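Reviewing the structure listed below.
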Amino acid sequence: MTHKNFQAMREEIDAAILGGEGRHFLDFHFANHNEFAQEFIELICVLEDLCPGAGCATVKKISSLRGTDRAMYEQIVQALCELIIGKRFIEAFPADEGFKLDWEPTDMGKANPEFMIEGPEWRVLVEVKCPSLYEYEIKNRSATQQLPARIPGLKDFISEFSGAEPALPLDNKLKDFLVSAERKFSSFGEISVPTYGLLVVCWTERMFEAVSPLSNEICGLLTLASFYRKDGEVVKFAHVSGVVTTQHQSFLQRALAGRRPSHLMSDLDYGSYWTPGTPANPIFSPNEFAKRHLPQEIIDVLEAVMVGHHLDPIASPMDFIIWLH
Numbered sequence: 006m007t008h009k010n011f012q013a014m015r016e017e018i019d020a021a022i023l024g025g026e027g028r029h030f031l032d033f034h035f036a037n038h039n040e041f042a043q044e045f046i047e048l049i050c051v052l053e054d055l056c057p058g059a060g061c062a063t064v065k066k067i068s069s070l071r072g073t074d075r076a077m078y079e080q081i082v083q084a085l086c087e088l089i090i091g092k093r094f095i096e097a098f099p100a101d102e103g104f105k106l107d108w109e110p111t112d113m114g115k116a117n118p119e120f121m122i123e124g125p126e127w128r129v130l131v132e133v134k135c136p137s138l139y140e141y142e143i144k145n146r147s148a149t150q151q152l153p154a155r156i157p158g159l160k161d162f163i164s165e166f167s168g169a170e171p172a173l174p175l176d177n178k179l180k181d182f183l184v185s186a187e188r189k190f191s192s193f194g195e196i197s198v199p200t201y202g203l204l205v206v207c208w209t210e211r212m213f214e215a216v217s218p219l220s221n222e223i224c225g226l227l228t229l230a231s232f233y234r235k236d237g238e239v240v241k242f243a244h245v246s247g248v249v250t251t252q253h254q255s256f257l258q259r260a261l262a263g264r265r266p267s268h269l270m271s272d273l274d275y276g277s278y279w280t281p282g283t284p285a286n287p288i289f290s291p292n293e294f295a296k297r298h299l300p301q302e303i304i305d306v307l308e309a310v311m312v313g314h315h316l317d318p319i320a321s322p323m324d325f326i327i328w329l330h
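With my numbering applied, the sequence shown closes on residue 330, and no number is skipped along the way.
Encoded structure:
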């Protein structure tokens, strides 16, 4: 059933996307009012109902990302990934069951996560990250060895053994995401129900590139062996209950190009991962040092598998990789 405010919102979004100066990467979708455009409008209507002002602010943000350079496209993908994750939580924890959505919430500080869901027994702060990986992929496309994690001495050994430099880990990206999430989550005070902090990282199909820096037992950022230390002590992100890594960056890019993966019901669908033949499940990396461990019901809503338990190596922590070109 079409939302009661669909037509008015459609006109507003059309004006914002199609009426601005210069090209917009979503021009095609809204000019043709295809399935993506209609789903986007419906979702913005729902967001505006649940959190007045949030839907319109999201439209303003996305419509301002104009131009044809890669950076603009990646920012649009980031914003849409935030909506995909938000939509999953909205559907799983509805208002008529006592849950309340707060989009871009703040408390004691100005820094805010993407959204917060507050229910009768808990509240969860959710930060969504969708990093730019294009330059890394171009630079390392021909590499025959890859180091997904910062294992002491392994880079020098592989370089000497093979005579070629391996592709290096993206661990600093993950470290920066955790630092940002900790800063945002820690600005929220205690209330009568427990508060959890969840970082969702929307990656490509190579989920091991994110999972390895987080959970590799030799150097993982969420383990006692973490490479990130200050004054010799492991930096503990106490307000981050854990990290879920997904492939939504790849899924969304394919959907926007008209090649939506078959496990998605729609372009902005989170997807289902338990059916045979679907991509690997999202991966949950718990934080050893978290003040509170994420409730299983939230992990289940995201269909995430505990790190190290998935049979597909593409979703598992690794030490090194040899690519056969």
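We put the beta carbon where it would ideally sit given N, CA and C, even for glycine. Values in this document were obtained by computation on a predicted structure and should not be read as measured data.
Contacting residues, own chain, Cβ-Cβ under 8 angstroms from residue i (five flanking each side not counted)
| i | result |
| --- | --- |
| residue 97 | 306 |
| residue 299 | 129, 201, 203, 246, 247, 289, 291 |
| residue 280 | 268 |
Beta-carbon gap between residue i and residue j smaller than 8 angstroms
| i | j | result |
| --- | --- | --- |
| residue 88 | residue 132 | no |
| residue 254 | residue 82 | yes |
| residue 144 | residue 152 | no |
| residue 218 | residue 157 | no |
| residue 238 | residue 278 | no |
| residue 18 | residue 49 | yes |
| residue 220 | residue 209 | no |
| residue 322 | residue 216 | yes |
| residue 179 | residue 226 | yes |
| residue 190 | residue 206 | no |
| residue 27 | residue 72 | yes |
Cβ of residue i within 8 angstroms of any chain D Cβ
| i | result |
| --- | --- |
| residue 145 | Absent here is chain D; the protein component of the structure consists of one chain. |
Paired residues, beta bridge with residue i - DSSP
| i | result |
| --- | --- |
| residue 201 | 129 |
| residue 234 | 239 |
| residue 116 | Note: residue 116 sits in no beta bridge, so no partner. |
| residue 107 | 121 |
| residue 251 | 207 |
| residue 172 | 151 |
| residue 311 | 289 |
| residue 327 | 150 |
Cutoff 6 angstroms; reference residue i; Cβ partners in own chain excluding five residues on either side
| i | result |
| --- | --- |
| residue 304 | 289 |
| residue 186 | 132, 204, 245 |
| residue 123 | 105 |
Neighbourhood of residue i by C-beta, 7 angstroms cutoff - its chain only, sequence neighbours within 5 removed
| i | result |
| --- | --- |
| residue 75 | 139 |
| residue 30 | 77, 78, 81 |
Minimum C-alpha distance to residue i - residue among the options
| i | options | result |
| --- | --- | --- |
| residue 326 | 69, 211, 71 | 211 |
| residue 39 | 171, 312, 272, 72 | 272 |
| residue 94 | 135, 165, 51, 216 | 51 |
| residue 103 | 111, 126, 136, 162 | 126 |
| residue 118 | 141, 193, 154, 165 | 193 |
| residue 301 | 293, 310, 134, 294 | 310 |
| residue 56 | 120, 46, 35 | 120 |
| residue 199 | 24, 296, 324, 42 | 296 |
| residue 84 | 137, 114, 266 | 137 |
| residue 274 | 32, 20, 44, 108 | 44 |
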